[in-house]
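Have a look at the structure below, then the notes.
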Amino acid sequence: MFSGIVQSVGTIGEFVQENEGAVLVVNTEQEFSGFEDGESIAVNGVCLTVVDSTQTSFKLDLSTETLNRTNFKNVIKGDKVNLERSLTPSTKISGHFVSGHIDRVGEIVDIEEKPGEVLFRFSHPEELGSFIMEKGSIALDGISLTVFDCKENRFTVSIIPFTLEHTNLSTRKIGDLINIECDMIGKYVFKACETLLQPGEKRPSLDFLRQQGFS
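Just so you know, we're using our numbering here: the sequence shown kicks off at -11 and counts up by one.
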């Protein structure tokens, strides 16, 4: 479990496809080190297991499912990745609960610089439309962010200078793919409501949600 607060930005040191999976080596700053084999870490929002490490790098194995569902299939040596250690009982939670299980990949379709912020606009697969909503939480490459201007399979997030400086968003450009994890609480609520729907209904209406106590 993670919180979507990026702790460090690493660099892809090696990416080798093996059989239907891959081996990934991430280079890190020395202060972000001391990993144990078997430890979970979020890399671009993906929960992965450390299989080997040094003081300045760690190694990960990627499964076929991980490659198919994330933007790792497009990474190259030198790419920047967001890093976060897993939560502990004493960890301060400043973002929102993030599982590290990516739903789908989205695409950056626009970047607009404004005074004090940069607006990133993304397209997303239609199937995620039920889980992405105005003022809702979302994790993008492992960054906990808030959605606004959400319509027509697109949404926007506002990035403040601190977030831009301390994540890989500073290296992103239009056309780049980004890992999307929708808010897990929203997904569980939707699933619970879905089981109560009448046959043939595909998604809960606003009236149905109000009847079930949601307002």
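Where is the CB? At the ideal position from N, CA and C, for every residue including glycine.
If you count every other CB in all the chains shown that lies within 10 Å of the CB of residue i, and 16 or more means buried, which is it?
{"i": "residue 25", "result": "exposed"}
{"i": "residue 150", "result": "exposed"}
{"i": "residue 22", "result": "exposed"}
{"i": "residue 84", "result": "buried"}
{"i": "residue 90", "result": "buried"}
{"i": "residue 171", "result": "buried"}
{"i": "residue 130", "result": "buried"}
{"i": "residue 98", "result": "exposed"}
{"i": "residue 32", "result": "buried"}
{"i": "residue 54", "result": "buried"}
{"i": "residue 184", "result": "exposed"}
{"i": "residue 169", "result": "buried"}
If residue i sits next to residue j, beta carbons under 8 Å apart, how far is it from one beta carbon to the other, in whole angstroms?
{"i": "residue 155", "j": "residue 66", "result": "Wrong, their Cβ atoms sit about 17 Å apart, outside the cutoff."}
{"i": "residue -6", "j": "residue 49", "result": "The pair is not a contact, with the Cβ atoms about 22 Å apart (cut-off 8 Å)."}
{"i": "residue 16", "j": "residue 34", "result": "At roughly 16 Å, the Cβ-Cβ gap does not stay under 8 Å, so residue 16 and residue 34 are not in contact."}
{"i": "residue -9", "j": "residue 125", "result": "The pair is not a contact, with the Cβ atoms about 11 Å apart (cut-off 8 Å)."}
{"i": "residue -3", "j": "residue 71", "result": "7 Å"}
{"i": "residue 51", "j": "residue 9", "result": "5 Å"}
{"i": "residue 145", "j": "residue 128", "result": "7 Å"}
{"i": "residue 119", "j": "residue 63", "result": "Rounded, the Cβ-Cβ distance is 25 Å, inconsistent with contact."}
{"i": "residue 93", "j": "residue 167", "result": "6 Å"}
Just reading off the beta strand (DSSP E) that residue i is part of, what are its end residues?
{"i": "residue 162", "result": "Per DSSP, residue 162 belongs to no beta strand (DSSP E) and is neither H nor E."}
{"i": "residue 31", "result": "28 to 31"}
{"i": "residue 94", "result": "92 to 102"}
{"i": "residue 134", "result": "131 to 134"}
{"i": "residue 68", "result": "68 to 73"}
{"i": "residue -1", "result": "-4 to 6"}
{"i": "residue 128", "result": "125 to 128"}
{"i": "residue 41", "result": "34 to 41"}
Between which two residues does the alpha helix (DSSP H) harbouring residue i extend?
{"i": "residue 56", "result": "52 to 57"}
{"i": "residue 173", "result": "172 to 184"}
Run through the DSSP bridge pairs and tell me what residue i is partnered with.
{"i": "residue 147", "result": "106"}
{"i": "residue 19", "result": "Residue 19 pairs with nothing; no bridge assigned."}
{"i": "residue 86", "result": "-10"}
{"i": "residue 64", "result": "Looking at the DSSP assignment, residue 64 forms no beta bridge with any residue, so it has no partner."}
{"i": "residue 46", "result": "14 and 41"}
{"i": "residue 169", "result": "127"}
{"i": "residue 139", "result": "142"}
{"i": "residue 9", "result": "6"}
{"i": "residue 111", "result": "95 and 142"}
Report whether the distance from the Cβ of residue i to the nearest heavy atom of the ligand FAD is below 7 Å.
{"i": "residue 135", "result": "The ligand FAD is not part of the structure shown, which contains no ligands of any sort."}
Counting only beta-carbon atoms, is residue i nearer than 8 Å to chain D?
{"i": "residue 127", "result": "Going by chain labels, chain D is absent from the structure shown, which holds only one protein chain."}
(message) For the segment 139 to 154 against the segment 175 to 183, do three or more pairs of beta-carbon atoms, one drawn from each stretch, fall closer than 8 Å, so that the two count as touching?
(response) no
(message) Quick test of the definition: if touching needs 3 or more C-beta pairs under 8 Å, does the segment 99 to 117 touch the segment 67 to 84?
(response) no
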